[in-house]
Every structure is written in C-alpha cells, then in structure tokens.
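Numbering (the working numbering), first residue to last: 44 to 720.
Report on the structure given below.
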C-alpha cells in the first residue's frame, strides 16, 4: 500500500471525458434578528452576527453526468428541507434530484432550521429564507461551468482532532436523564480526569483535499473534508472554523483571484473534537487552528498532479430505518413531565428528553438518504448522521477506490449513529432523541448500503479488513500458536483467530474497538489496534490444551491500582485467576495468583507483556520477559472451562486494553518469552 503522509496523487484511467466545473458562493446569513439557534441541549437565541454564513457549491460535469455538491454553514438541515432545496434547484438548473448532495458544516452557532434539535425548535423566518438561497448557489454554479483539471491530496492532521468520548470507571458512572446510572462513556471528560480510563474509539485523522484548476493550472477551487466537530465559543451567529479555513486557504492559494472557492465539509467527527483530554489543557484560538489546517493544506496541495479526464459517477439509496421508540414506562414518565411543563420550552435535560420521547413515539421510523460519488479515483460518501470516526474508518478501509472521505450530515439530519457496541456504554449520543434515535443496528445497515454504492460506482469489489502483520505478530506465528486473537476488529461479536486453526472467540459485554495497540498505530495501514474492555471480556471455549500450554498477551490497565479490592483480572480459566492486585493486597498493582503476589508494579496506562507457562505441574508467570510468579501443583483447566480474558465478574473486570492474545500447546522457555516481549 502506498502511504504518503503529506499527500496522495489522483490516478485515473485515461478517459475521453473532459471535466468542467462551476463554482458559487451565496450569503445565507439570517436577515432577521434575534434568531433561534441550536447546538446545545436547551433552546437559545442570538441577536448579533459574528461572521457571515454561506452556501458554497461546486457543480461538476464530465459530459455524461452533472453533479452538484453544496456545503452550508448550518448545524444541521433536515431531509425535507434538503429535498425542497433540490426541487427548487432542479427546476432551474436541470440537475437530477438524485445527483445533488447538500450537507451542513455543523457549526453550533447557526440558526436552527429543524424542530426537536434536542431542546430547540426551528426558527420559522430563517427556515423560510434558507431554501431559495441554497438553491441559488446550485443554479449559479451550474451556469458558469468551465474546463477544469482535478487532483487529490490527503494529509495526516491527527494532532488537530481527538476522540472526545471517554470511558469512565464503573464506580464513577453517571446518571442519564431518565434517572438511571447507565453512563459508561461521555463527551468532554476534562483533561486528565482520573475518573475516566480512555477514549471509547479512534480518531479519523485525515484532512482530504480535492483540488480544481483551470486548463492553465491556475487554482479554481478546493473541496476539503476534515473530521473535527466544531471549535465553539461564539457570542452570536458564526460559521466557526469551517468558513475561516476557507477564507484563509483561498487567500493563500489565489491572492489575486477573489473568485477562488474553498469549501470545508464535515467528516466523521461524531465523537471527535480538537481538545486532547489525555494531556493538560492547551490554549488554542480558532484562528490558530484554522491556520494550522491551511498550512497542512498548502504543503499537500503543492504536490498534487492535476488531470482533465476524470469521469463522474453517483449512486443514491433512500432507506427507511426504525427509531428506538419509548416503552410504556418511558412514555408515561414523559407525559408526566410534559404536563408539568405546559406550553413553556424545556429547561433541563429530563424535560428535553421527555419532549423527545413524545416525538419518537409519534414518528417511529425515518427515511434517510445515502449517497456515493466518484470523481475519477476519489470516492465521497454522504450520510445524514453525526458519524463516529470508527464508521468512517470502516468505509475507508473497505472502499474499492483508493481515495475516500465521508461527509456527515448530508441530505438530512438523522442524528448520531453510534456503532452497536457503543450503545452499551451509554452517554448522550445514545439517549433516544431525534438527534440520536435510530435503531441500534442502523450503523452497520448504513455502512453496508454505502459499500454497495461504492461497488456500483467503481465497478469493483470492496476490500477486506485485516490487521496487518507486525514484527510482534510474526514472532508469535513462528512459535505455532493454536489460537491467536490479535483484537484488531472494527466491529462484530467475535475476535478472529489469526492462527492456522481460525477459531474465533466471543466478545461479551461492554467493549470498544480499534484503540491504539502495543506499537501505537499510524493512520494507515490498519496496524496495532486493540480492544478496550469496559466491563466486558473475551470468552474462548473448547481449547485443545492437554498437559502443557503457554498463554501470552499484552495488557494495559487504565485505572488506579488502589481504586478497589482487585484492580482487575487479566484472565480467569477454571480456578486460575491472574489478577492485578488492588487495595486488598499489601502491594497494589502487582501480578497476583492465589496467595502469591509479585514484586513489580504494573504502571497505569502502559503496555505490559504477560505470559503464563504451564509445564504440567508448575505455573510460571512472566512479566515483561522476566519471571514474576511460580506456583506449584496448579492443574490444567478442564476442557469444558472457558478462558475469560478480562475477568468474569463486575468485581474483577479488566478496565483497560488487551492486545495480541496467543495460546500455545507447548511450554515456551524463558528465552522465547523474552523474544515475544
């Protein structure tokens, strides 16, 4: 796989199609103030404009197909309003309804155009104003097409976007709006908060850039995509960092051309933000943030080669999905609260979710629009959701085309779309609402539909996803394991076996996929990923072990060593429980097996290699390549006893990450274990 951190070139097969492009920008700033704005739990209003809002549009034509892509400085635009805009634009431009994509940047300081955006209603005057203006951007762009060349660049900007949804310890779980203690993961935990154990998912680090020039290689437009939610902190209406990036990039690329158009679209940032909660708080202004993105863009765009023969393709699915509707008890709870509220707006979170329960009960399903666009070898997918980074990673790694990015909140606003396992962790992106209400299985359904579309527009099959070999994994395989669970999965209920036997183990309970593994990881290829256990574990049944075995794994405890009686069980197999000691032992944080306790403490938040070797009579435990415990007369676990990686009970759950689990039918000696470490 070709990986360039600074940029990737666009490679397309020679085609006869000549690309033309049209550009337009239309001011969509509210004409009446004050205006209702959304972006928070409760309804708010703004009586001043900090900076103007725009609809930015590109129309592309290869002679056979004409496609419009519009990005609006808005928090979210519902599907019915997008459809209204498309109808208006189609009547005047002739572009097919299914060949238009309209998305919102997701600035949290824009006027509201959707009811039940948590506690906010739509602003009626602005909702009436917006459709004609956005449609006008499409019409104008379609009317000024000119021959163009196109190229693609991609740059790692991972230092500018981090996962903001963190897993908390079970003893510090929070209360949801319905009065239940269900919250194992929540946004914005605070910097280095000891109550939280780590992010609940990866980040999507790529800044993607499609560059358009004229026939003389003079810049015409750049379409950018980045997965960072919003910057925030505005005292009125603002386009946030999206518009600032566009202005400053155009000023750098084409200082003498005021018609150059830069567009920033929202990527898969449902669980991402610019703050890095693993480190101390760092002061950063929005201008500094935008300038860093511009600098990265300029470097990457300087290496792009443009071509004029990229052809176009587009596919659209309209899918009706179920929402998670309230049961009788939840509905009765909501009705009691709504009766007490009367005609006033919600004033706290329980009242917001009471109103949402009523909406979901009356609207049990929703039609969503899914789109895939191809521009040469570049693919773009559009989803009407606030998409987790992991979903974007799934699509990129399975895409038949080498260059892909994803646009969130496109053609509608169907809310957060957590992967199924994230629902077990709770938090406000899972609380049922119009902005987070789709069924638990909606995310894999959407991914599957989009992959179908990508196959159609590329005329090629999707890619398979596997964790790439590393030096560590090759060492394991050289010793002939009978099971080897690398834990690099992106989804599902099973850990795949990388040994020749290919026997999966089963994930049970709350977990999070695709966290950084023992060697860290680069954005691509998919390497060194791990699972974070948050009360869950891995179950392996029917292990073919007779007289001897060696169990090797890497573990990373992410809780204090004195937070409870036992910090956590690394594994339980029959009567064997290999634990990390807690406050019940004299030496917290050490390996413990029965009454024996090691002498070296496992540092919190760091990877440690553990190997348990059974020679038929003696069980020896190695920590980081050196013998730590040796216990005599330990029987081999019976075949019917499952191996539980991560503890079997709530009192012994492993709170942290596990990686690269290997089981061998023979005993490895000290030198071999040192080699694995």
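We put the CB at the ideal spot given by N, CA and C, even for glycine.
The structure displayed is predicted, hence computed values, not measured ones.
How about residue 405 and residue 364: are their beta carbons less than 9 Å apart? If you number the chain shown from 1, residue 405 lands on position 362. If you number the chain shown from 1, residue 364 lands on position 321. The answer is no: Cβ separation not under 9 Å.
Apart from the five residues on each side of it in sequence, which residues of its chain come closer than 7 Å, Cβ to Cβ, to residue 667? Here residue 667 refers to the residue found at position 624 when the chain shown is read from its first residue. Around residue 667: 651, 652 and 720.
If the criterion is Cβ atoms closer than 9 Å, does the pair residue 281 and residue 184 meet it? Position 238 of the chain shown holds residue 281. Position 141 of the chain shown holds residue 184. Their beta carbons are not under 9 Å apart, which means residue 281 does not touch residue 184 by this criterion.
Does DSSP classify residue 553 as helix, strand or coil? Counting from 1 along the chain shown, the entry for residue 553 is found at position 510. Of the three classes helix, strand and coil, the one that applies to residue 553 here is coil, per DSSP.
Which residues bound the beta strand (DSSP E) around residue 209? By 1-based counting over the chain shown, the position of residue 209 is 166. From DSSP, the beta strand (DSSP E) with residue 209 extends over 208-211.
Compare the Cα-Cα distances from residue 458 to each of 448, 464, 471 and 199 and report the closest residue. Here residue 458 refers to the residue found at position 415 when the chain shown is read from its first residue. Nearest option by C-alpha distance: 471.
Can the beta-carbon of residue 79 be found closer than 9 Å to that of residue 102? In the chain shown, counting from the first residue as 1, residue 79 sits at position 36. In the chain shown, counting from the first residue as 1, residue 102 sits at position 59. Not in contact: residue 79 and residue 102 (Cβ atoms no closer than 9 Å).
In three-state DSSP terms, what is residue 604? On the chain shown, position 561 is the one that residue 604 refers to. The answer is coil: DSSP assigns residue 604 none of H, G, I, E or B.
Entirely within the region 144-217 and at least 3 residues each: give me those beta strand (DSSP E) ranges in chain order. 192-199 and 208-211
Distance, Cα to Cα, residue 510 vs residue 301? Looking up residue 510 in the chain shown gives position 467. Looking up residue 301 in the chain shown gives position 258. So the two alpha carbons sit approximately 46 Å from each other.
Excluding the 5 residues preceding and the 5 following residue 712 in the sequence, name in chain order all residues of the same chain whose CB lies nearer than 7 Å to its CB. Against the chain shown, residue 712 aligns to sequence position 669. Around residue 712: no qualifying Cβ.
Taking its Cβ as the centre, do 16 or more other Cβ atoms sit within 10 Å of residue 536, making it buried, or is it exposed? Counting from 1 along the chain shown, the entry for residue 536 is found at position 493. Counting C-beta atoms within 10 angstroms of its own C-beta, residue 536 has fewer than 16 neighbours from the protein chains shown and is therefore classed as exposed.
Whole-angstrom Cβ separation of residue 516 and residue 703, contact assumed at under 8 Å? Locating residue 516 in the chain shown gives position 473, where the first residue counts as 1. Locating residue 703 in the chain shown gives position 660, where the first residue counts as 1. That pair is a contact at about 7 Å.
Completely contained beta strand (DSSP E) runs for the region 392-424, where each covers 3 or more residues: 408-418
Around the Cβ of residue 379, are there at least 16 other Cβ atoms within 10 angstroms (buried) or fewer (exposed)? For the purposes of this step, residue 379 is identified with residue 336 of the chain shown, where counting begins at 1. With fewer than 16 Cβ atoms within 10 Å of its Cβ, residue 379 is classed as exposed.
What number of angstroms, rounded off, separates the C-alpha of residue 718 from the C-alpha of residue 534? Indexing the chain shown from 1 puts residue 718 at position 675. Indexing the chain shown from 1 puts residue 534 at position 491. Residue 718 and residue 534: Cα-Cα distance of roughly 31 Å.
Taking the straight line between their C-alpha atoms, what separation do you get for residue 168 and residue 177? Position 125 of the chain shown, counted from the first residue, corresponds to residue 168. Position 134 of the chain shown, counted from the first residue, corresponds to residue 177. Spanning the two alpha carbons is a distance of roughly 15 Å.
DSSP three-state label for residue 541, please. For the purposes of this step, residue 541 is identified with residue 498 of the chain shown, where counting begins at 1. Assigned with DSSP and collapsed to three states, residue 541 falls in coil, not helix or strand.
Just to confirm before moving on: does the CB-CB distance between residue 467 and residue 449 stay below 9 Å? The residue given as residue 467 occupies position 424 in the chain shown. The residue given as residue 449 occupies position 406 in the chain shown. No, Cβ-Cβ distance for residue 467 and residue 449 is not below 9 Å.
On the premise that residue 147 lies in contact with residue 100, defined as a C-beta separation below 8 Å, what is that separation, rounded to the nearest angstrom? As a position in the chain shown, residue 100 is number 57, starting the count at 1. As a position in the chain shown, residue 147 is number 104, starting the count at 1. That belief does not hold up - the Cβ atoms of residue 100 and residue 147 are roughly 14 Å apart, past 8 Å.
Bridge partner(s) assigned by DSSP for residue 616: Here residue 616 corresponds to residue number 573 of the chain shown, with the count starting at 1. For residue 616, which the question treats as bridged, DSSP gives the partners 619 and 686.
I'd like to know whether the C-beta atoms of residue 435 and residue 247 end up nearer to each other than 9 Å. Numbered from 1 along the chain shown, position 392 holds the residue referred to as residue 435. Numbered from 1 along the chain shown, position 204 holds the residue referred to as residue 247. Taking 9 Å as the Cβ cut-off, residue 435 and residue 247 qualify as a contacting pair.
Rounded Cβ spacing between residue 706 and residue 614 (contact assumed at less than 8 Å): For the purposes of this step, residue 706 is taken as residue 663 along the chain shown, with counting starting at 1. For the purposes of this step, residue 614 is taken as residue 571 along the chain shown, with counting starting at 1. 11 Å between Cβ atoms; not a contact.
What residue range does the beta strand (DSSP E) around residue 251 cover? Here the question's residue 251 lines up with position 208 in the chain shown. First-last of the beta strand (DSSP E) with residue 251: 249-256.
Apart from the five residues just before and just after residue 12, which ones in its own chain have a Cβ nearer than 8 Å to its Cβ? Within the shown structure, residues of the chain are numbered from 44 to 720, placing residue 12 beyond reach of any answer.
Cutting at 6 Å between CB atoms, please list the residues of its own chain near residue 680, excluding the five before and the five after it. What you label residue 680 is simply residue 637 of the chain shown in a count that begins at 1. For residue 680, same chain residues with a beta-carbon under 6 Å away, outside a window of 5 residues either side, are 616 and 617 in chain order.
Using only alpha-carbon positions, find the residue among 630, 502 and 519 that is nearest to residue 597. Position 554 of the chain shown holds residue 597. Ranking 630, 502 and 519 by Cα distance to residue 597 puts 519 first.
By Cβ distance below 6 Å, which residues in the same chain neighbour residue 143 in space, the five residues on each side in sequence not counted? Reading the chain shown from its first residue, position 100 is the one you call residue 143. Taken in chain order, the residues that qualify are 111 and 129.
For residue 700, the residue or residues it bridges with in DSSP: Working through the chain shown from its first residue, we reach residue 700 at position 657. DSSP lists 575 and 599 as partners of residue 700.
Determine the extent of the alpha helix (DSSP H) in which residue 634 is found, giving its start and end residues. Position 591 of the chain shown holds residue 634. First-last for residue 634: 633-636, but that is the beta strand (DSSP E), not the alpha helix (DSSP H).
Among residues of its own chain, excluding the 5 on either side of residue 182, which ones have a beta-carbon nearer than 7 Å to its beta-carbon? In the chain shown, residue 182 corresponds to position 139, counting from 1. Counting only Cβ-Cβ distances below 7 Å, and skipping sequence neighbours, we find 132, 135 and 136.
Using the rule of at least 16 other Cβ atoms within 10 Å of the residue's Cβ for burial, across every protein chain shown, is residue 692 buried or exposed? Along the chain shown, one-based indexing puts residue 692 at 649. Exposed, by the Cβ-count rule.
Quick check: what's the CA-CA separation for residue 242 versus residue 316? What you label residue 242 is simply residue 199 of the chain shown in a count that begins at 1. What you label residue 316 is simply residue 273 of the chain shown in a count that begins at 1. Residue 242 and residue 316: Cα-Cα distance of roughly 12 Å.
When burial is assigned at 16 or more other CB atoms within 10 Å of the CB, is residue 685 buried or exposed? Mapped onto the chain shown, residue 685 falls at position 642. Burial call: buried.
Under the three-state DSSP convention, the category residue 561 falls into: Indexing the chain shown from 1 puts residue 561 at position 518. In this structure, residue 561 counts as coil in the three-state DSSP scheme.
Hey, residue 554 and residue 638 are a contact pair by Cβ (cut 8 Å); roughly how many whole angstroms apart? Position 511 of the chain shown, counted from the first residue, corresponds to residue 554. Position 595 of the chain shown, counted from the first residue, corresponds to residue 638. Incorrect: roughly 31 Å between the Cβ atoms, too far for contact.
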